[in-house]
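Single-structure report; data block below.
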Amino acid sequence: MNVQRSSSGSAQRCLPAGLIVAALAAGCTAETQTSAGPAVESRQPLVTAVGNVRSQADCEKLLSLSLKDTEITSVEIVPESGMVPEYCSVQGGVETLILFEIALPTAAWNGRFYYVGGGGYNGNIPDLTPALARGYAATATDTGHRGEHWDASALYEDPQAQLNYAHRGAHLVTVIAKQVVAAYYDAAEFPSYFMGCSNGGKMGLMAVQRHPEDFDGVVVGGPVIDRTGLMVMFDWSQRALLDAEIPPYKIPAMEKATLAQCDAIDGLADGVIGRPDRCDFDPGVLLCAAEDNAQCLTAPQVDAWRKILDGPKNSAGESLYVGYLPGHEDDYPDYVTGSGVMHGYPSSNFMYMDNFMRWFVFGHDYDPVHEFDFDTDPAALDRFVADQDAVDADLSEFRARGGKLIIYNGWADHSTPPQRAIQYYEEVRHMHGAETGEFARLFMVPGFHHCSGGPGPNVFGSTGRPLVNLNHPERDLMGAIVDWVEHGVAPDRLIATKFAGDDPSRGVERTRPLCHYPQVSQYAGSGSIDDEANFVCASPTN
Ligand SMILES: [Ca+2]
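Letter 406 of the sequence shown, counting from 1, is numbered 407 in my numbering, and no numbers are missing.
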């Protein structure tokens, strides 16, 4: 949809006639939705309160909707619980197998639609709570198959299921869900949003590249941009660890070594590595001088870590994909090194790679860690590029429709490598030129792991994070994308919060700005380094 904007950038969008029973403020806007956590200032209210209470009968009426290739199998009113308002839950399937839930707040709808992206190989319907708590009518799908997030076995030798998983399932459900939202609220038009991380980030990129009409605003986190290349990279790191597993008890020494060398490069020795891309770290600094112990790495372990940082190469030394950046290796056991026994299995990178290689590419009996040939076997993945990779940098159609895209990636992401997100954004900038920032912006997050956690300020409304500061235009990604789409205010910076012990109830420990790439956050020279107000976003000086 197109959203009208005034030249001053203030909100001009009104909800469809008949929806607005109670407008709580002048014009079309009302009070910002109440959110849990520390109180914060809000630059301007974003969420329009809609006072039209829908009844049980309105919910049940949806059972009789006639929708293309779609059956609605059940509806029920789910009572209010904590931050989640009462809603009408609609369950069903497209083409009988692409299962979905659509959640429709009965009284607290903010007038917007939100597709919640799913992680891994999806296979189950993601939790809609984060969307409901923000006031959205929301939907999500299992993308057409059932299974644990790491399990791709249901996709074996089934091109249609693979296509549904890649992007078709989410698109079909988006189309259907919008029709259900329109019927339930009697709303002709409403803005549509997407947010997801990891595979959910891929789904967001798939949408802007292949179904640019689906969403007005898309938030993409830690995206699996090209699954084929990433799986080769994951295989490479597991191969590297095959005869040199790195046990969890050595991880603190690795973290200490990278912090010692890389922390201050960003201008502040503050325990957070802001420019890992500027740190020329060599694992050789940890080579054991004498006996192997927890504070050092054996020569094979040093070699394995070098390979993990370098990324996959063929025998001619040609790079096949980026590697990881140094810093904040505390998540290595989860993502890269696993338990450190059984050759490092099972890290999540191993699980996703092993499932892809077996169930998409080579068959059940294939052992990718032992058998993959980095000279000849990458070509075997080429047949999956067209459907499974989201690498198209031409976003012209999405841009022309007025769509806005926010991408974020942790600088300390050890699943989807930060350098790949930068490469993709640079490709988009190359395609769209100096005006790229008018519709697509990238935010790199210091000390942030894959989609969540990490020693840096790590709460800014991303997928799977504590539900605080909801809909705030600078502290909540959904607030930021709405501000951009509906108010024309592009996010120059976001504000990320580090809570003590990563527990919002224990209070704020530090706030920092996240800057619109290629700008970086720089300390202004005075005041607390734990207060974002004392930082500026500026072009990098090194
Ligand atoms: Ca630092």
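Cβ coordinates follow ideal geometry from the N, Cα and C atoms, glycine included.
Residue state for residue 497 is assigned as strand, using DSSP reduced to three classes. Residue pairing by DSSP puts residue 445 in a beta bridge opposite 410. Inclusion of residue 238 and residue 215 in the CB contact set at 9 Å is not warranted, their separation being larger than that value. Burial is judged here by how many other beta carbons sit within 10 angstroms of a residue's own beta carbon; residue 64 has fewer than 16 and is exposed. The Cβ atoms of residue 350 and residue 336 sit closer than 9 Å to each other. Using a Cβ-Cβ distance cut-off of 8 Å, the region 370 to 378 and the region 212 to 231 are not in contact, since fewer than three pairs of beta carbons, one from each stretch, lie closer than that value. For residue 369, the enclosing alpha helix (DSSP H) stretches over residues 369 to 372. If you look at residue 480, you'll find it in the alpha helix (DSSP H) that goes 478 to 488. Assigned with DSSP and collapsed to three states, residue 511 falls in strand.
Between residue 478 and residue 416, the alpha-carbon positions lie close to 21 Å from each other. According to DSSP, residue 92 shares a beta bridge with 75 and 102.
Between the C-alpha atoms of residue 128 and residue 465 there is a straight-line separation of about 9 Å.
At a Cβ-Cβ threshold of 9 Å, residue 467 and residue 229 do not count as neighbours. Per DSSP, the continuous alpha helix (DSSP H) segment holding residue 426 begins and ends at 419 to 433.
Proximity to residue 304 across 312, 285 and 199 peaks at 285, based on C-alpha coordinates. Contact annotation: residue 99 and residue 165 have beta-carbon atoms nearer than 9 Å.
Counting only residues of its own chain and dropping the five nearest sequence neighbours on each side, residue 334 has a CB closer than 8 Å to the CB of 249, 252, 340, 341 and 348. Check the Cα spacing between residue 93 and each of 485, 104, 56 and 393: the tightest is with 104.
Here the C-alpha atom of residue 501 lies approximately 11 Å from the C-alpha atom of residue 456.
Remark: the C-beta of residue 378 is outside contact range of ligand 1, defined as less than 8 Å to any heavy atom. Secondary structure of residue 310 (DSSP, three-state): helix. Taking C-beta separations shorter than 8 Å and ignoring five residues to either side along the sequence, the partners of residue 485 in its chain run 218, 405, 407, 491 and 492, following chain order. Straight through space, the alpha carbons of residue 322 and residue 123 are spaced by roughly 24 Å. Three or more beta-carbon pairs separated by less than 8 Å are not found between the region 523 to 535 and the region 440 to 454, which leaves the two stretches without contact. Just so you know, the alpha carbons of residue 155 and residue 360 end up roughly 8 Å apart. Under the criterion of beta carbons closer than 8 Å, residue 210 and residue 393 qualify as touching, at roughly 4 Å.
Shortest gap from the CB of residue 162 to any heavy atom of ligand 1: 8 Å or more. If the five residues before and after residue 258 are omitted, its C-beta is found closer than 6 Å to the C-beta atoms of 286 and 287, all from its own chain and listed in chain order. If you check the C-beta of residue 455 against ligand 1, you find no heavy atom less than 8 Å away. In the three-state DSSP reduction, residue 391 falls in the coil class, being neither helix nor strand. Residue side-chain check: residue 411 keeps its Cβ at 8 Å or more from all non-hydrogen atoms of ligand 1. Collapsing the DSSP output to three states places residue 186 in a helix. Non-local C-beta neighbours of residue 293 in its own chain, meaning closer than 8 Å and more than five positions away in sequence, comprise 299, ordered along the chain.
Contact annotation: residue 420 and residue 324 have beta-carbon atoms nearer than 9 Å. Shortest gap from the CB of residue 66 to any heavy atom of ligand 1: 8 Å or more. DSSP, read as helix, strand or coil, puts residue 261 in helix.
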